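Chemist:
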């Protein structure tokens, strides 16, 4: 089944494997008239790029984006925007040994079951490199949202078992862990060195806050804004959980604690608290949209593990290759991209919710 | 936007409001040849029905289903199955006062923002009664899955702050909380009485286990099985979080703890643990599929709360009407239904993943 | 596969069989704020209804529509509009003999091949009664389009081999054939009486003209406006051909004859001719949208025909029951409905084509 | 809106403009296990390529395809197949003059209306070069269909006003017009030289025959096989009409003439005639699938024509550049590609129509 397409109006289709010729994405349905150049995309790709610190894979990739269509004289034309990033550092020989066994925690076994065989080089389509297409498309979505004053900020809220204790937005991009708390980041660095020494990896939790979102995005029943966010976030390889607002903690509260009271501020409705995380009934309520995602530890570890071969033998393996001991900081960028993609689609879809909106476009009504 | 449709091949479309003429669903894409009668649907609707205990709304509804199309001589014909449940106990006068203000924790405010006005009677389309259509469709999905030995069991894992401590599957349907632990259920009953006395409500956590699932369901990238489950579950009104396998706890572990080792059992691949919850790379891995959902406390409480009116005044309200102090036990049934709907669609979509499968159908190949 | 849904934003799902309990449709994605009552729907259904003249089936059906959801205080709420029409005149015994053989020109054989068996009563899902859902939904689409000055008029252009020679719009609904030419209609009446005497049926051609359409509807490549119209029209049971503008005649011309020159009229672009039929590159060009559809003769005829039985015997049959000797006049209404459904969806989808449109909605920009 | 995607299971997304960097397509949902190499694609692209005779544009393009993903060790992996064809012969200066006026019969005017501006170089996205992506994807679809004995053959049935009079399949690829009649082709050559001398262009009619199709493809109501074919064919730039079986001629017949009788042949159902063109009720009936498409004359002609400029002046123009005086022969290849894409999707979708088919896959039932 065609599983590489996301979105209804702003729709993206990604392609590419870890050790194939490249990775790419086609963005179809981007409105005409947005200023766009490769640098807009590259900035976000650079944040996701490997090799930014000693805590990420040492695979060296420039991940240089090329826009192949859909932009003319510096503006989007309304037709598909095709973007391509060539793979430069394929060392497929690193992976030849994994052709015949199933790495624990990876999709090797399920791909073989589903398709009969697999492109085993670097995980093929199930590699983290697949997210490059998402990030390139997300960069366009983020730029569009910015035209409407909508800003998305994600960061590591906890890595290993070390949570942030303060919040300094400026700090996020200053440390290799994308933590808004320099002290916590230092603790994580120490913790991580120990784990790396033990040939182990760690997980963490990402939080994402969107400000400036108008009310009304999302649709009742199956296309709730939080439902689409949950799908988008869980579609990222290593994500194991999603919660919005108070999330799982809400399950432990009473209604009197969890309900957000409405008051007026200069005649405008405001919620006194935001336990709901910015949605009510699946529709954005005008307050900040806040959710969290759980990231499992990188499954590729150099420690000895038990597994089986393709032809049915029990073996012990130690996964070689260039792996991130922690993918949380790079996943932060992917979370932002996925959030942007869901929000822009919801924003465009909401335009047809009311007859008076439609009259604004076609009858120039007020 | 059309938000009331779910699924690609097995596709459902629901309709109806709390105090309109009825609630219904059209199931399109159900394969031909399944034995089906109204009793198959009614059984599952009865589990969701209000008035099963003193801990649910006292609104009295029989929720009797009528199959209007798509079944002939006791079997599905492959054409749309339309099902309708009439509303019997509309007491709209209970709700006339909520026409003009926004209940905290409800979708009243966002519906007015999105659509310009709303059917305020009993919450209209955002009422919990909307889930009747899901459960009716889910009953067909469950019956189909059973043909392949796939069984879905959901239950309350925690209510208020009281978790289950033992697991007795038979106990689930014996107590009003759908808890597999009679002692925990008794504690919950006591706790809930206190909260009800205080005009308050409580939330909880649901766990859902699917056994007998073949490998290979779900697609890489955006149509991962867990991503679609997350969307389906978050689309249920009061759900605020979703986690699969170890979920948020996985974020606190190391790779060496979280990876599931593969071994052989009678020549068949088995995982020694199931931290992943039954999916690897978004594709079912043959072990039990296990996820949890966080349910917020019922927002309708009789306590005094602060809110605003439609025409911009700050007021205090106490929500009247017939409300569940806890919706978790009834939501258990909805979770099962949504799970069944996602799984059957994934099962049907997976049929075209391999050329040799297609030859089995069209060339009668082995 | 789920084949009973049409549309992306304005999306309809139909259900029901000829001799089941009823026929219905769910319209999801209708913008909020449109005045709507059952009479709006009934008017269009009455035009499609059987028994309007001696040239249609004598099956007596009132085809009374009930709106079950989505409308509150006389206006659409933005949530699904469920409509139901009960079957009143099922005389299933008429059809018991067709359970075991395949009527030539009908879908009996292909349904049995596809699904293994079929609801044979009156053709089941493949009956012309299936179009009731389309017409009910189309009535809403037509009403919406009218808010923007868009009018759709279809009529019989030729029946049997008798074409119209004059065009009087007022005449269309005055004669039983929906021909805009009273004289041609009289000739058709005579011709048809002869064919009915011979137990035969006839076909014809429908033309549909839409005026008031803005430019810009339709999308390049696969979602061209004419492509979606072609699909919608060919999806009507007896339609065997579709052509837009000069259609098949254009294939016989030279470029110098077929191109439409542009000139200015009060500073506004106008085409001097309309060979293209109102689309250029699949996008509406502001001139009238004109297309034609070929309708095959009703396959149910009382004459002796050769066919086979379900269990493999060659037989001769004469199809009994109450059949239209000509379905063209009733199909005219279905063509209008399908056109309206395609146009409203294109109109809503086009809203997000330009960044400046989106700013009109969200930033209140001029 | 995202208009560049086609198909539900076997889904393609095309991108690219006439004078941009290239043209491409992503094929998602192709089953795993099909042998595939670039030569398979190149063969079909070569048939569509310009410069094959003096009757096509003299633009010189090799249209060399590169497969960038989705194929491993010579077989499709089930993941997206990205294909790219670079533009080599962009002579954008030829088109600078069309930046400011609207060519009659082209999409220049409607693109400007829809998007506010356009990539005018060579028609941008509305150029015939856009079909390269369709043909590359169609080559894969054709190869898949061949595994099931399904063969698609399209040819020119009439060019200018000159119809074929005999049918020799071997002749089709021997003459520059893809006519199965050498004599007719010779007449066309003479006729065309005259029109080219007059700086004019001509249209024609394409017929497409598919043999070996199983029964059961296509779905009732909106997803009829002929409806999806009509959409796919009308989505090709210059196509103005579609008819299946007897098509418009059927509208002039009686039921007794148009119905196809069923008989038995070695115990298997056969139709004695094929007026229906291979579908009954929108589902393939096992006989040859036959349809025709009307192609308008190339709108780009060097003759003087009247038009307007972007800034509202009336002018006379003569369109320069390298244009086909007749596109019918090249469109034949595109028609085959679109047919293959519709058929493979219908074939895959039909797999889930019956419970017993599903059991064949999952329970290994007979």
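Chains as they are written, first to last, in the working numbering: chain A, 1360 to 1725; chain B, 1360 to 1725; chain C, 1360 to 1725; chain D, 1360 to 1725.
Where a beta carbon is used, it is the ideal one built from N, C-alpha and C, also for glycine.
No experiment lies behind these values; they were computed from the predicted model shown.
1. Measuring only the C-alpha atoms, how far is residue 1499 of chain D from residue 1642 of chain D?
2. Show which residues of chain B have a CB atom less than 8 Å away from the CB atom of residue 1387 of chain C.
3. So residue 1649 of chain B and residue 1568 of chain B are in contact, right, with Cβ under 8 Å, and what is the actual spacing, rounded?
4. State yes or no: is the C-beta of residue 1676 of chain C within less than 9 Å of the C-beta of residue 1460 of chain C?
5. Contact defined as beta carbons within less than 8 Å: I believe residue 1723 of chain A pairs with residue 1655 of chain B. What is the distance between those atoms, to the nearest angstrom?
6. So, with DSSP's three-state summary, where would you put residue 1459 of chain B?
7. According to the Cβ coordinates, are residue 1375 of chain A and residue 1554 of chain A closer than 9 Å?
8. So residue 1430 of chain B and residue 1395 of chain B are in contact, right, with Cβ under 8 Å, and what is the actual spacing, rounded?
9. How would you list, in chain order, the residues of chain D whose beta-carbon sits under 9 Å from the beta-carbon of residue 1393 of chain B?
10. Does the segment 1384 to 1392 of chain C come close enough to the segment 1704 to 1717 of chain A that 3 or more CB-CB pairs lie under 8 Å?
11. Within the continuous beta strand (DSSP E) that includes residue 1623 of chain B, where are the two ends?
12. Looking only at its own chain, which residues have a Cβ that is under 7 Å from the Cβ of residue 1598 of chain C, when we skip the five neighbours before and after it?
13. Could you spell out the range, first to last residue, of the beta strand (DSSP E) harbouring residue 1514 of chain A?
14. Could you check what DSSP says for residue 1574 of chain D in three-state terms: helix, strand or coil?
15. Could one say the Cβ of residue 1423 of chain C lies closer than 9 Å to chain A's Cβ atoms, at least one of them?
16. For residue 1651 of chain A, which three-state DSSP category applies?
17. Check the Cβ-Cβ distances between residue 1711 of chain C and every residue of chain A, and say whether any is below 9 Å.
18. Against chain A, with Cβ distances strictly below 9 Å, would residue 1579 of chain C count as a contact?
19. Whose CA, out of B:1640, B:1601 and B:1690, lies closest to the CA of residue 1471 of chain A?
20. Distance, Cα to Cα, residue 1409 of chain C vs residue 1524 of chain C?
21. Within the segment 1657 to 1707 of chain D, note down every full beta strand (DSSP E) run reaching 3 residues or more, in order along the chain.
22. Looking at the unbroken alpha helix (DSSP H) that takes in residue 1445 of chain C, where does it start and where does it end?
23. Which same chain residues, not among the five before or five after residue 1411 of chain C, have their C-beta less than 7 Å away from its C-beta?
24. Check distances from the C-beta atoms of the segment 1495 to 1507 of chain B to those of chain D and list, in chain order, the residues that come in under 8 Å.
25. Between residue 1384 of chain D and the rest of its own chain, which residues show a CB-CB distance below 6 Å, the 5 nearest in sequence each way excluded?
26. Unbroken beta strand (DSSP E) runs of length 3 or more, entirely within the segment 1545 to 1601 of chain C: which are they?
27. Would you say residue 1626 of chain A reaches chain C, if we count a Cβ-Cβ gap shorter than 9 Å as a contact?
28. Can residue 1548 of chain A and residue 1414 of chain A be called in contact, C-beta distance under 9 Å?
29. Rounded to whole angstroms, what's the CA-CA distance from residue 1700 of chain B to residue 1607 of chain A? Just pull it up for me.
30. Who are the near neighbours of residue 1689 of chain D in its chain, counting only those whose CB is closer than 6 Å to its CB and skipping five residues on each side?
31. Using only alpha-carbon positions, find the residue among B:1719, B:1702, B:1444 and B:1718 that is nearest to residue 1365 of chain B.
32. List, in order along the chain, the chain A residues whose C-beta lies closer than 9 Å to that of residue 1473 of chain D?
33. Grouping DSSP H, G and I as helix and E and B as strand, with all else coil, what is residue 1714 of chain B?
34. Can you tell me whether DSSP reads residue 1414 of chain C as helix, strand or coil?
35. Give a yes or no on contact between the segment 1502 to 1510 of chain B and the segment 1552 to 1566 of chain B, applying the rule of three or more CB pairs nearer than 8 Å.
36. What are the start and end residues of the alpha helix (DSSP H) that includes residue 1493 of chain D?
Modeler: To lay it out plainly:
1. One alpha carbon belongs to residue 1499 of chain D, the other to residue 1642 of chain D, and they sit about 23 Å apart.
2. Those within 8 Å of residue 1387 of chain C in chain B are 1361, 1362, 1363, 1364, 1372 and 1374.
3. Between residue 1649 of chain B and residue 1568 of chain B a beta carbon distance of about 5 Å is seen, short of the 8 Å cut, so the two are scored as contacting.
4. With respect to the 9 Å criterion, residue 1676 of chain C and residue 1460 of chain C are classified as neighbours on the basis of their beta carbons.
5. Not quite, the Cβ-Cβ distance comes to about 43 Å (not below 8 Å), so this is no contact.
6. Three-state result, residue 1459 of chain B: coil.
7. If you check the CB distance, residue 1375 of chain A and residue 1554 of chain A do not come in under 9 Å.
8. At roughly 5 Å, the Cβ-Cβ gap stays under 8 Å, so residue 1430 of chain B and residue 1395 of chain B are in contact.
9. Chain D residues near residue 1393 of chain B: 1714.
10. By the criterion of at least three beta-carbon pairs nearer than 8 Å, the segment 1704 to 1717 of chain A is in contact with the segment 1384 to 1392 of chain C.
11. In this chain, the beta strand (DSSP E) harbouring residue 1623 of chain B covers 1621 to 1624.
12. For residue 1598 of chain C, where only same-chain residues beyond five positions count, the Cβ hits under 7 Å are 1592, 1652, 1653 and 1654.
13. It spans 1510 to 1518 - the beta strand (DSSP E) in which residue 1514 of chain A sits, taken as one unbroken run.
14. The three-state reading of DSSP puts residue 1574 of chain D in coil, since its state is none of H, G, I, E or B.
15. Chain A, which has no Cβ nearer than 9 Å to the Cβ of residue 1423 of chain C, makes this no.
16. Per DSSP, reduced to three states, the secondary structure at residue 1651 of chain A is strand.
17. Residue 1711 of chain C counts as touching chain A.
18. Interface residue, yes.
19. Nearest C-alpha to residue 1471 of chain A: B:1640.
20. The alpha-carbon atoms of residue 1409 of chain C and residue 1524 of chain C are separated by roughly 27 Å.
21. Under the rule that a run must span 3 or more residues, the beta strand (DSSP E) segments found entirely inside the segment 1657 to 1707 of chain D read 1663 to 1667 and 1673 to 1677.
22. Where residue 1445 of chain C is concerned, there is no enclosing alpha helix (DSSP H), although the beta strand (DSSP E) it sits in stretches over 1440 to 1445.
23. Same-chain partners within the cutoff: 1535.
24. Listed by position along the chain: 1503, 1506 and 1507.
25. Closer than 6 Å at Cβ, skipping near neighbours: 1371, 1373, 1442, 1492, 1495 and 1496.
26. Runs of the beta strand (DSSP E) inside the segment 1545 to 1601 of chain C: 1563 to 1570.
27. Between residue 1626 of chain A and chain C, the shortest Cβ-Cβ separation is not below 9 Å.
28. Yes, Cβ-Cβ distance for residue 1548 of chain A and residue 1414 of chain A is below 9 Å.
29. Approximately 24 Å, taken between the alpha carbons.
30. Excluding residues within five positions, the ones whose Cβ falls inside 6 Å are 1407.
31. With distances taken between CA atoms, residue 1365 of chain B lies nearest to B:1702 out of B:1719, B:1702, B:1444 and B:1718.
32. Those within 9 Å of residue 1473 of chain D in chain A are 1391 and 1437.
33. If DSSP states are grouped into helix, strand and coil, residue 1714 of chain B belongs with the helices.
34. Residue state, collapsed to three classes: coil.
35. Between the segment 1502 to 1510 of chain B and the segment 1552 to 1566 of chain B there are fewer than three inter-stretch CB-CB distances shorter than 8 Å, so the stretches are not counted as touching.
36. Here the alpha helix (DSSP H) through residue 1493 of chain D covers 1490 to 1505.
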